[in-house]
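Undergrad: Residue numbers (the UniProt record's numbering): 1 to 320.
Quick one: the structure is below, and I'll ask about it shortly.
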């Protein structure tokens, strides 16, 4: 009987060790995205759910609200190995070069930023209330517009106003972007600018509750912006009878070299394996495929590189 007894004890010990191993293997990650009313926050929640499902609970992602992409990059200086954030690749380049909004704020930590995977592109929306009667950029003159504060979308919106001759000709509202729809309903503003991937939740709400015109850009305006032309199909928003021509900018999920190779590998592998399932519930994921990999213009994390090489993705020398 003793051998049996010892076997039972050994089996129980092995089970406990296995359970301890599983618990120890569980990884917790903080995903810094955007404002809670934005499409990018919803994407972060979807990624968190996908990571949990795809890893059988081995990866637990906590989503954090953010004021925008600039803040996400700046926080690299103080964050640890569990930090994942989203931002356009161009902002990473500016941070590493100490340029524009990062001038005088450089830090060696910025050089340790590494890409994981692309996510749906940032899409500019210039949203005007139907009551304003504004149907083009010239009509914005004299109107009250909400750009928000601190976010990349706000900075882009300000840039477009300058490019199209509207600087100083519109009144900028001192309201948080999270309050854009209520401010539009209350008549505090005539319109707002948001940069969420389409369909953007705050634009959906505004179109359904107030009635809006989402402005299209001309080919000349798109050329001036030096961004990529993008078409939002008719019917995307309530009352939208024709296509909206606007601009987009790629967005990527990043971490830093503080993250272990194994965790970066699992995050990247799980993302691509769960992407199709995410697309079944949210169409914006269907546009994320290998064709977006060239938008990652800088270095990819070594753990993510391992996955991409295994999966046969095409990479560039700059990614290494």
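Quick reminder that beta carbons are idealized off the backbone N, C-alpha and C, glycines included.
A quick note: this is a predicted structure, and the numbers were derived from the prediction, not measured.
Pick out whichever of 237, 233 and 228 has its Cα sitting closest to the Cα of residue 247.
TA: Within the chain shown, residue 247 is the residue found at index 247, counting from 1. Relative to residue 247, the option among 237, 233 and 228 whose CA is nearest is 228.
Undergrad: At the level of alpha carbons, what is the spacing between residue 310 and residue 265?
TA: Within the chain shown, residue 310 is the residue found at index 310, counting from 1. Within the chain shown, residue 265 is the residue found at index 265, counting from 1. The C-alpha of residue 310 lies about 11 Å from the C-alpha of residue 265.
Undergrad: Going by beta carbon distance, what residues of the same chain come within less than 6 Å of residue 331, once the five residues before and after it are set aside?
TA: Absent from the model: residue 331. The displayed extent of the chain is 1 to 320, so no value can be given.
Undergrad: From this set, 123, 251, 133 and 170, which residue's C-alpha is nearest residue 146's C-alpha?
TA: Locating residue 146 in the chain shown gives position 146, counting from the first residue. Selected option, being the one with the closest Cα: 170.
Undergrad: Counting Cβ pairs, one atom from each stretch, are 3 or more of them under 8 Å apart for the stretch 75-91 and the stretch 245-260?
TA: By the Cβ criterion, the stretch 75-91 is in contact with the stretch 245-260, since at least three pairs of Cβ atoms, one from each stretch, lie closer than 8 Å.
Undergrad: Return helix, strand or coil for residue 23, following the three-state DSSP convention.
TA: For the purposes of this step, residue 23 is taken as residue 23 along the chain shown, with counting starting at 1. Here the model assigns residue 23 a pLDDT of 39, short of 50, so the residue's position is not dependable and the matter cannot be decided.
Undergrad: Near residue 21, which residues of its chain fall below 8 Å by C-beta distance, leaving aside the five closest residues on each side in sequence?
TA: Taking the first residue of the chain shown as 1, we reach residue 21 at position 21. Residue confidence for residue 21 is low, a pLDDT of 41 falling below 50, so the modelled location carries little weight; the figure read from the coordinates is stated next. Result list for residue 21: empty, nothing under 8 Å.
Undergrad: Within the continuous alpha helix (DSSP H) that includes residue 255, where are the two ends?
TA: Locating residue 255 in the chain shown gives position 255, where the first residue counts as 1. Not the alpha helix (DSSP H): residue 255 falls in the beta strand (DSSP E), residues 244-256.
Undergrad: Excluding the five sequence neighbours on either side, which residues of its own chain have a C-beta within less than 7 Å of the C-beta of residue 279, listed in chain order?
TA: Within the chain shown, the letter at position 279 stands for residue 279. Correct list, in chain order: 285 and 286.
Undergrad: Measuring CB atoms only, is the stretch 261-275 touching the stretch 43-56, in the sense that at least three cross pairs come out at less than 8 Å?
TA: The answer is yes - the stretch 43-56 touches the stretch 261-275, with three or more Cβ pairs under 8 Å.
Undergrad: Tell me the DSSP secondary structure of residue 233 in three-state form.
TA: Against the chain shown, residue 233 aligns to sequence position 233. Looking at residue 233 - three-state DSSP - the assignment turns out to be coil, as it is neither helix nor strand.
Undergrad: Using only alpha-carbon positions, find the residue among 43, 100 and 270 that is nearest to residue 159.
TA: Within the chain shown, residue 159 is the residue found at index 159, counting from 1. Ranking the options by Cα distance to residue 159, first place goes to 100.
Undergrad: What's the gap between the Cα of residue 241 and the Cα of residue 155?
TA: Within the chain shown, numbered from 1, the residue matching residue 241 stands at position 241. Within the chain shown, numbered from 1, the residue matching residue 155 stands at position 155. Those two C-alpha atoms are separated by around 29 Å.
Undergrad: If we count the other Cβ atoms within 10 Å of its Cβ and call it buried at 16 or more, is residue 231 buried or exposed?
TA: Mapped onto the chain shown, residue 231 falls at position 231. Residue 231 should be labelled exposed.
Undergrad: How should residue 219 be labelled, buried or exposed, when 16 other C-beta atoms within 10 angstroms of its C-beta is the threshold for buried?
TA: Position 219 of the chain shown, counted from the first residue, corresponds to residue 219. Under the 10 Å beta carbon count, residue 219 is surrounded by fewer than 16 other beta carbons and is classified as exposed.
Undergrad: With respect to the alpha helix (DSSP H) encompassing residue 276, which residues constitute its N-terminal and C-terminal limits?
TA: As a first step, residue 276 is located in the chain shown; it is residue number 276 there, counting from the start. Taken as a continuous stretch (DSSP letters only), the alpha helix (DSSP H) holding residue 276 covers 261-281.
Undergrad: Going by DSSP in three states, residue 199 sits in which element: helix, strand or coil?
TA: As a working mapping, residue 199 is identified with position 199 in the chain shown. Here residue 199 sits in coil by DSSP.
Undergrad: Runs of 3 residues minimum, wholly inside the stretch 43-109: which ones carry the beta strand (DSSP E) assignment?
TA: The DSSP assignment places complete beta strand (DSSP E) segments of no fewer than 3 residues inside the stretch 43-109 at 59-64 and 83-87, in order along the chain.
Undergrad: If contact is defined by three or more beta carbon pairs under 8 Å, each pair taking one atom from either stretch, is the stretch 292-299 in contact with the stretch 106-122?
TA: yes
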